[in-house]
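Quick note, the sequences are listed as chains Z and D, same order. Count along the first sequence from 1, then add 332; that gives the number in this note's numbering. Count along the second sequence from 1, then add 76; that gives the number in this note's numbering. Note that CB positions come from ideal geometry on N, CA and C, so glycine has one too. None of the values given here were measured: they were computed from a predicted structure. Remarks on the structure that follows.
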Amino acid sequence: MQVHKYDVVIIGAGGAGMRAAIEAGQRSRTAVLTKLYPTRSHTGAAQGGMCAALANVEEDNWEWHTFDTIKGGDYLVDQDAAEVMAKEAIDAVLDLEKMGLPFNRTPEGKIDQRRFGGHTRDHGKAPVRRACYAADRTGHMILQTLYQNCIKHNVEFFNEYYVLDLIMTEVDGQRRVAGVVSYDLASGELHVFQAKSVVFASGGAGKVFKTTSNAHTLTGDGMAIAFRNGLPLEDMEFIQFHPTGLAGLGILVSEAARGEGGILRNADGERFMERYAPTIKDLAPRDIVARSMANEVREGRGAGPNKDYVLLDLTHLEPAHIDAKLPDITEFARTYLGVEPYTEPVPVFPTCHYAMGGIPTNIKAEVLQDNETVVPGLYAAGEVACVSVHGSNRLGTNSLLDINVFGKRAGIYAAEYAQQAEFVPVPDTALDSTVALLDNARNGTGTEKVAAIRKDLQDTMDLNVQVFRTEETLQAALDDIAALEARYANISIQDKGKRFNLDLLEAVELGFLLQLAKVMTVAALHREESRGGHFREDFPERDDANFMKHSMVYLDPSSPTAGIRQETKPVIFTRYEPMERKY
Amino acid sequence: MSTAHTPDRPEDGRDDDPQDRAPEHGHAPGHDQDDRAGYKTDADAGSVDERDEADAPAVDPAAENAEGGEPAARVELPEEQQGEQEIPTFDLTLQIRRYNPEVSDEVHWDEFKLTMYGTDRVLDALHKVKWEIDGSLSFRRSCAHGVCGSDAMRINGQNRLACKVLLKDLDLSKPVTVEPIKGLPCEKDLIVDMEPFFQSYREIMPFLVAGGNEPTMERYQSQEDRARFDDTTKCILCAACTSSCPVFWTDGQYFGPAAIVNAHRFIFDSRDDAGDLRLEILNDKEGVWRCRTTFNCTEACPRGIQVTKAIAEVKNAILSRSM
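Quick look at the structure:
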């Protein structure tokens with residue numbers, strides 16, 4: 333075992349992690365640990381844009397952006413956080429431009445902006461051009477630009493170092509972070525990174541579901557590690573299903589396709605969003621569009637041989653316009669479905685896209701261990717975190733914004749904390765649970781296979797915890813997960829080696845997925861209302877009297893609900909009163 | 077719509093500064109905006125951007141679209157446009173080059189017979205092997221749709237991303253061969269050591285170097301200047317190009333196409349001031365002059381970057397500057 337010592341350790345090298353690293357690296361000795369190579373991170377798959385009220389092409393201001401974010405999140409957004417994000421969005425975009433990001437430009441050379449779902453002028457009056465973009469590869473450009481600037485600032489990366497545990501210890505009766513335990517994939521060796529500050533920036537958990545736009549590697553590691561260490565997870569029932577995943581594959585087709593004029597049709601050729609959101613139609617927020625699509629299919633108006641998808645129609649757009657603004661996604665349609673978007677509508681269906689919930693933080697990106705108390709030295713930013721700017725439904729482009737605004741904040745505050753803090757001694761037992769975790773997976777002699785259990789988990793989540801939920805389906809999912817956990821205790825893997833043992837890695841990841849699936853389902857069961865991305869058919873209305881509050885779940889073996897204790901946390905209001913959410 | 081928020085404007089001063097914004101195509105976003113404040117027509121909500129694009133100078137799509145107006149509320153869909161009518165299955169033989177120095181220094185090939193489905197890709201076939209037959213098979217992958225660059229490998233002798241090659245597009249009457257990319261040390265099965273590749277990348281200063289005073293707002297860049305280097309911004313650092321280059325195979329010191337592509341991305345960015353430095357680096361004996369214009373790199377690039385052309389442009393830039 334090797335021991336390293338850094339002021340700041342950042343877990344994950346996507347947008348949030350690298351944005352944090354650029355700040356922390358200039359202030360204190362910083363290491364970034366990633367289970368991939370930095371440029372493989374899923375930030376690179378984001379397409380459409382990053383919103384900021386630059387007002388480069390039409391009137392706009394950050395207060396409208398704040399309002400849209402809060403309304404889009406169905407009022408479960410912490411309003412102080414939304415204000416910070418919308419206000420700092422402008423500098424976040426300008427920072428990226430100064431770092432070299434090649435934004436598309438207006439004729440006079442300013443950063444160009446386009447429309448995106450749920451982003452409106454003057455509190456919902458009409459769509460507004462707010463999304464700064466680089467064709468339909470904005471996330472790619474952000475990831476590359478941040479990586480480039482990490483190189484410029486000599487950020488130290490530990491590539492293919494998989495963090496498996498957080499080292500927490502008690503100092504004077506207070507829970508403190510001492511570092512992390514990491515597994516070097518190339519050698520199979522464990523490394524301890526002692527650190528004054530630790531930043532979680534490890535991304536989402538989309539692989540809990542079968543149909544997802546998420547990468548294979550998005551297995552919720554950071555969320556699960558925090559949860560296992562006794563920290564709460566917030567609002568985990570809120571999963572965003574992006575309306576336009578390529579049918580059957582889940583590969584993302586950006587909302588920019590609709591921002592640029594694409595529309596959705598059912599098997600009858602009908603533009604059905606006219607019925608569900610009469611004012612902004614196809615540019616309604618994602619939860620509404622996804623549910624509308626699922627409802628079309630459910631009521632028998634789906635297209636295709638199994639009538640199980642709808643159609644994204646771009647055929648009325650000029651091919652030159654499509655090529656200029658949506659080159660990558662039209663290529664996806666051609667490559668993966670053999671569909672020519674110039675002349676044929678593209679089969680699409682909602683795909684699991686984003687976890688609104690995560691590790692609770694405040695606006696300084698400090699991790700909370702309950703409703704108020706921060707864990708000194710522990711930070712989180714990006715999809716792994718819940719600050720909460722997305723509430724119950726994230727608006728398109730706000731994730732790229734979130735990682736830049738709160739990634740930057742996490743980097744600054746983590747470094748500032750490290751400058752005045754002492755190292756916390758690493759306890760002798762720091763490796764125990766990681767060694768046990770790996771030994772269990774490596775030495776198991778059972779008959780069960782990791783891939784089979786994972787597939788069954790994803791199937792039950794797609795079937796029971798997707799855009800329509802009831803007590804019955806959620807209970808069915810919980811029963812299935814319990815059975816899968818029993819099977820997971822009986823796995824064996826074939827690769828027994830140390831070198832690049834990805835068989836072992838997948839077994840560990842499955843443990844995280846099972847844990848998070850259970851957390852999501854229990855939280856969904858408790859929330860007996862419908863709000864944003866969480867729709868209960870048995871409770872179809874939003875219920876502010878009982879549920880205008882965040883879910884906080886804790887690991888608690890004594891709890892009767894699958895060993896998970898459910899508590900709540902008040903939503904922070906500044907100046908927006910909840911209203912009915914109509915578009 | 078009534079809200080409880082105060083009517084105060086945020087104090088960033090942007091909103092009341094219309095002279096900053098030149099009118100565009102008779103569609104001024106400044107004062108005229110108020111006339112359009114209530115623009116609720118669906119044609120507007122759904123219509124396309126109304127400005128020219130640098131990368132699409134030929135047509136003004138908005139004008140076209142505006143004439144066409146709002147897309148029809150209902151259209152007649154031909155049956156064949158409603159999707160694939162059936163999902164075919166097929167059998168194939170997959171041959172994979174195996175190497176695990178923990179077990180043996182010898183390389184060997186394993187053969188697997190698989191039944192796969194309509195839209196399955198080589199990556200799906202590899203997963204089927206790993207998940208159902210041999211869990212020790214090792215390869216990198218992440219996004220699975222061609223944007224992360226993890227799974228570059230040699231498929232039937234050509235550098236490809238495994239997640240972008242559809243099985244149905246291959247000749248399945250013969251075995252499909254999969255081996256690691258060449259020129260980088262193999263670590264295990266399809267995994268190679270990427271460090272030499274990223275080392276070359278780091279050496280060409282792959283970041284914007286802008287002199288002068290930093291502007292308060294963004295630097296301006298014309299659409300033409302932005303378009304000048306668009307092609308090379310698409311690089312995902314998958315190493316398919318560099319590891320397809322015969323020069324790189326025999327001389328690992330050569331910077332390789334990917335590093336040159338990324339230098340190009342900055343050399344031709346009008347905002348950058350370090351072009352001369354990068355050209356000097358690439359004028360090295362292991363620099364652009366080693367390129368023998370075999371076009372392997374262009375052929376291999378999963379992003380469709382005109383790699384050989386970019387290298388030629390860097391060569392020309394060196395020549396024109398030294399003169």
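Hey, how far is the Cα of residue i from the Cα of residue j?
{"i": "D349 of chain D", "j": "Y668 of chain Z", "result": "41 Å"}
{"i": "D734 of chain Z", "j": "A377 of chain Z", "result": "16 Å"}
{"i": "A98 of chain D", "j": "Q329 of chain D", "result": "At A98 of chain D the pLDDT is 37, less than 50, meaning the model places this residue with poor confidence; the figure from the coordinates comes in the next sentence. Cα to Cα, A98 of chain D sits roughly 50 Å from Q329 of chain D."}
{"i": "V335 of chain Z", "j": "E440 of chain Z", "result": "54 Å"}
{"i": "E362 of chain D", "j": "E389 of chain D", "result": "17 Å"}
{"i": "P282 of chain D", "j": "R372 of chain Z", "result": "17 Å"}
{"i": "R618 of chain Z", "j": "A345 of chain Z", "result": "27 Å"}
{"i": "V719 of chain Z", "j": "K696 of chain Z", "result": "9 Å"}
{"i": "A547 of chain Z", "j": "H374 of chain Z", "result": "7 Å"}
{"i": "S298 of chain D", "j": "T438 of chain Z", "result": "8 Å"}
{"i": "T647 of chain Z", "j": "L153 of chain D", "result": "12 Å"}
{"i": "D301 of chain D", "j": "E429 of chain Z", "result": "15 Å"}
{"i": "R453 of chain Z", "j": "N436 of chain Z", "result": "22 Å"}
{"i": "N730 of chain Z", "j": "M382 of chain Z", "result": "6 Å"}
{"i": "A510 of chain Z", "j": "D497 of chain Z", "result": "11 Å"}
{"i": "E488 of chain Z", "j": "V364 of chain Z", "result": "6 Å"}
{"i": "G471 of chain Z", "j": "G211 of chain D", "result": "32 Å"}
{"i": "P872 of chain Z", "j": "A558 of chain Z", "result": "32 Å"}
{"i": "G222 of chain D", "j": "R359 of chain Z", "result": "36 Å"}
{"i": "D200 of chain D", "j": "C239 of chain D", "result": "8 Å"}
Output yes if chain D places a C-beta closer than 7 Å to the C-beta of residue i; else output no.
{"i": "L368 of chain Z", "result": "yes"}
{"i": "I342 of chain Z", "result": "no"}
{"i": "H523 of chain Z", "result": "no"}
{"i": "T549 of chain Z", "result": "yes"}
{"i": "H648 of chain Z", "result": "yes"}
{"i": "K539 of chain Z", "result": "no"}
{"i": "G829 of chain Z", "result": "yes"}
Any Cβ of chain Z within less than 7 Å of the Cβ of residue i?
{"i": "I267 of chain D", "result": "yes"}
{"i": "F344 of chain D", "result": "no"}
{"i": "S396 of chain D", "result": "no"}
{"i": "K204 of chain D", "result": "no"}
{"i": "A322 of chain D", "result": "Checking the sequence, you will find Pro at residue 322 of chain D rather than Ala. Chain Z contact via Cβ: absent."}
{"i": "H221 of chain D", "result": "yes"}
{"i": "R217 of chain D", "result": "yes"}
{"i": "C317 of chain D", "result": "no"}
{"i": "Q299 of chain D", "result": "yes"}
Using a Cβ-based criterion (distance less than 6 Å to any ligand heavy atom), does residue i qualify as near the ligand FAD?
{"i": "C482 of chain Z", "result": "The ligand FAD is absent from the structure shown, which contains no ligand whatsoever."}
In its own chain, which residues sit with a C-beta less than 7 Å from the C-beta of residue i, not counting the 5 before and 5 after it?
{"i": "Y682 of chain Z", "result": "Checking the sequence, you will find Pro at residue 682 of chain Z rather than Tyr. Result list for P682 of chain Z: F573, H574, P575, G577, A622, M625, A626, V799, in chain order."}
{"i": "F339 of chain D", "result": "Correcting the residue identity first, residue 339 of chain D is Ala in this sequence and not Phe. Taken in chain order, the residues that qualify are I280, R354, L358, V390."}
{"i": "A839 of chain Z", "result": "A773, V782, I823, I825"}
Residues in the same chain with beta-carbon distance under 6 Å from residue i, minus the five sequence neighbours each way, listed in chain order, please.
{"i": "S529 of chain Z", "result": "V340, G709, A746, Y749, A750"}
{"i": "G778 of chain Z", "result": "N822, I823, S824"}
{"i": "P251 of chain D", "result": "T169, Q171"}
I'd like the list of long-range same chain contacts for residue i, defined as Cβ closer than 8 Å, with 5 residues on each side in sequence excluded.
{"i": "K613 of chain Z", "result": "I595, R603, M605, E606"}
{"i": "T308 of chain D", "result": "V337, N338, H340, R341, F344, I381, A386"}
Answer with buried or exposed for residue i, where buried requires no fewer than 16 other C-beta atoms within 10 angstroms of its C-beta.
{"i": "E587 of chain Z", "result": "buried"}
{"i": "G287 of chain D", "result": "exposed"}
{"i": "N235 of chain D", "result": "buried"}
{"i": "D181 of chain D", "result": "exposed"}
{"i": "L795 of chain Z", "result": "exposed"}
{"i": "I172 of chain D", "result": "buried"}
{"i": "H397 of chain Z", "result": "buried"}
{"i": "L857 of chain Z", "result": "buried"}
{"i": "T369 of chain D", "result": "exposed"}
{"i": "S396 of chain D", "result": "exposed"}
task: With 9 Å as the limit, tell me which residues of the stretch 655-682 of chain Z have their beta carbon closer than that to any beta carbon of chain D; keep them in chain order.
output: Within the stretch 655-682 of chain Z, contact with chain D at the beta-carbon level (separation under 9 Å) is assigned to D655, A656, K657, P659, D660, E663, F664, T667, Y668, L669, G670, V671, T675, E676, P677, P679.
- [ ] Mind checking the stretch 410-435 of chain Z against chain D and listing, in chain order, the residues whose C-beta falls within less than 9 Å of any C-beta there?
- [x] Correct list: A418, K419, I422, V425, L426, E429, K430, M431, G432, L433, P434, F435.
Using a Cβ-Cβ cutoff of 7 Å, what residues of the stretch 271-296 of chain D are near chain Z? List them in chain order. Answer set for the stretch 271-296 of chain D: R278, P282, F283, L284, E290, M293, E294, R295, Y296.
Against chain D: residues of the stretch 362-387 of chain Z by CB proximity under 8 Å: Under the 8 Å Cβ criterion, the stretch 362-387 of chain Z contributes L368, Y369, T371, R372, S373, H374, G376, A377, A385, L386, A387.
Could you list the residues in the stretch 831-864 of chain Z with a C-beta less than 7 Å from some C-beta on chain D, going in chain order?
Close to chain D, meaning a Cβ-Cβ distance shorter than 7 Å, are the following residues of the stretch 831-864 of chain Z: R831, F832, L834, D835.
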